[in-house]
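Chains as they are written, first to last, in the working numbering: chain H, 1 to 250; chain L, 1001 to 1250.
Don't be surprised by glycine CBs; every beta carbon is placed ideally from N, CA and C.
For reference, the structure is listed below as structure tokens.
Number of protein chains: 2
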Amino acid sequence: MSIPQKHFKKGTPKPEIPEDGVLRYYTMRFCPYSERAQLMLAAKKIPHHTVYIDLTEKPEWYIDYSPLGKVPAIQLPHLPGQPTLVESLVIAEYLDEEYPGERSLFPKDPLQKALDRILIERLSPAVSAIYPVFFTTNPPEDALKNFEAALDVFEEEITKRGTPYFGGEQIGIVDYMIWPWFERFPALKYTLAEPYELDSKRYPNLLNWRLLVSQDEAVKATALDAKVHAKFMRTRHEGKTNYDLAFEPL
Amino acid sequence: MSIPQKHFKKGTPKPEIPEDGVLRYYTMRFCPYSERAQLMLAAKKIPHHTVYIDLTEKPEWYIDYSPLGKVPAIQLPHLPGQPTLVESLVIAEYLDEEYPGERSLFPKDPLQKALDRILIERLSPAVSAIYPVFFTTNPPEDALKNFEAALDVFEEEITKRGTPYFGGEQIGIVDYMIWPWFERFPALKYTLAEPYELDSKRYPNLLNWRLLVSQDEAVKATALDAKVHAKFMRTRHEGKTNYDLAFEPL
């Protein structure tokens, strides 16, 4: 019994998931918030079953797991009532606490943890600015300008911290929680009428950081190629969003 | 030397705050997110100085404390670099960890903590629906309907938990984090052309909960009367937002 590797749609019956007490991960393969959870699962080597959800036409039964229909969701079938958790950062902190593994990814010091959580939130303005750019070929004039101004915060912060990772000498929670968007930015080389890349003069340390993080084992196990992201974005430009192309050869 | 009890505006110089290492709390007196931080300070009896910020015309110097100009912010002058924390839930968790006092307000169990954080997030749809209603006399038709549907979640949850508080037998983090909006709902008795109150048949347990929480010491020390909230809302209806009326006699 295995769960089909495809995004479940409206009208498709609930997949049969093995009743083996193994954690269940509900995701859309291109969703950056879902990828946060996937990175935690990979970094902590947590066994799990994966169920893909079509976000355009959600299967009716998905609301039983995620009451607002959002991904990611994590179901814990080994616990009484088989509870489900949603919200990527809540899931990340829960997995970090329950599966400490070799080391914790969140800082133990309350102040550093608070500062890291605030830094993760500081990506929101960059995400808000770039999101419409992902899904068009000709972005509005100010979008990339606003995006770059929001990213300056991260160049400044990695420079100030003076460590290879935001987490210090080792990869940490900020690195994993912001990575999914840095994985997607290079797709703009392929999707925009005027190809776009991050300016290596403006973001030297951030681009070094990006290269370093791209070599992390959990990231390598999770990331999709920029060309695959670009292909997905193009299906959205054309109003024919195709989630399953994540599973097709490039 | 004391800090004036008024909202600091654009053009007003930075107040002189005693250099006594005491925590500094930046707020707007009617901001429900700020109130979350204030409730934590009151519940934990944490000494602090309060600086009020005019959100319509923010003082130029405020960006030094809160880079996006948001309230609440908490500055920690006793720590190296005098760091500032923002985001109400980040502040709440930091204060709970650093000032455990008699007891922690966040659950110690990672699963219960995750479930409580998700429940706090579930108030967002109710807040989004009611926010425009606070600032008009004739709300759009669906606003109150959507608001009530979103609140059903909380009636169901308090009923399911079967305890007087969301936190159990004692008040806890969910109770404090959602309270500020429940403090403001009764203002709709006074502000709407067609006065509005929560239906006691639809929300019996939630209304009992509200009454109970309104008697909590930290809540009593923090809450403003529904009529004061209504008066503030009216100044916004009229485009003459007056934050300082929080300090005037009703």
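DSSP three-state assignment for residue i, whether helix, strand or coil
i                      : result
residue 119 (chain H)  : helix
residue 62 (chain H)   : helix
residue 1196 (chain L) : coil
residue 171 (chain H)  : coil
residue 203 (chain H)  : coil
residue 223 (chain H)  : coil
residue 158 (chain H)  : helix
residue 1003 (chain L) : coil
Chain L within 7 Å of residue i, Cβ atoms only
i                    : result
residue 85 (chain H) : yes
residue 98 (chain H) : yes
residue 65 (chain H) : no
residue 94 (chain H) : yes
Test: residue i CB closer than 7 Å to a CB of chain H
i                      : result
residue 1196 (chain L) : no
residue 1090 (chain L) : yes
residue 1026 (chain L) : no
Sub-7 Å separation of residue i and residue j beta-carbons
i                      : j                      : result
residue 1118 (chain L) : residue 51 (chain H)   : no
residue 44 (chain H)   : residue 94 (chain H)   : no
residue 1075 (chain L) : residue 1222 (chain L) : no
residue 34 (chain H)   : residue 40 (chain H)   : no
residue 92 (chain H)   : residue 24 (chain H)   : no
residue 212 (chain H)  : residue 154 (chain H)  : no
residue 137 (chain H)  : residue 193 (chain H)  : yes
residue 1174 (chain L) : residue 1130 (chain L) : no
residue 1107 (chain L) : residue 97 (chain H)   : no
residue 47 (chain H)   : residue 22 (chain H)   : yes
residue 1057 (chain L) : residue 1006 (chain L) : no
residue 1083 (chain L) : residue 1012 (chain L) : no
residue 1220 (chain L) : residue 1250 (chain L) : no
residue 30 (chain H)   : residue 247 (chain H)  : no
residue 1042 (chain L) : residue 1149 (chain L) : no
residue 1180 (chain L) : residue 1032 (chain L) : yes
residue 126 (chain H)  : residue 144 (chain H)  : no
residue 171 (chain H)  : residue 216 (chain H)  : yes
Chain-ordered neighbours of residue i on chain C, where CB pairs are closer than 8 Å
i                    : result
residue 79 (chain H) : The question asks about chain C, but that chain is absent: this structure's protein chains are H and L.
### Task
Please list the residues of the stretch 107 to 126 of chain H that have a C-beta atom closer than 9 Å to any C-beta atom in chain L, keeping them in chain order.
110, 111, 113, 114, 115, 117, 118, 121, 122, 125
### Query
At which residue ranges does the stretch 6 to 62 of chain H contain complete beta strand (DSSP E) runs of 3 or more residues, listed in the order of the chain?
Listed in chain order, the complete beta strand (DSSP E) runs (minimum 3 residues) inside the stretch 6 to 62 of chain H are 23 to 27, 48 to 53.
### Query
What residue ranges within the stretch 81 to 139 of chain H form continuous alpha helix (DSSP H) runs of no fewer than 4 residues, ordered along the chain?
88 to 98, 110 to 121, 124 to 134
#### Entry: Contact residues within the stretch 164 to 182 of chain H, judged by C-beta distance below 7 Å to chain L
none
### Task
Determine which residues of the stretch 1201 to 1216 of chain L have a Cβ less than 9 Å from any Cβ of chain H, and write them out in chain order.
none
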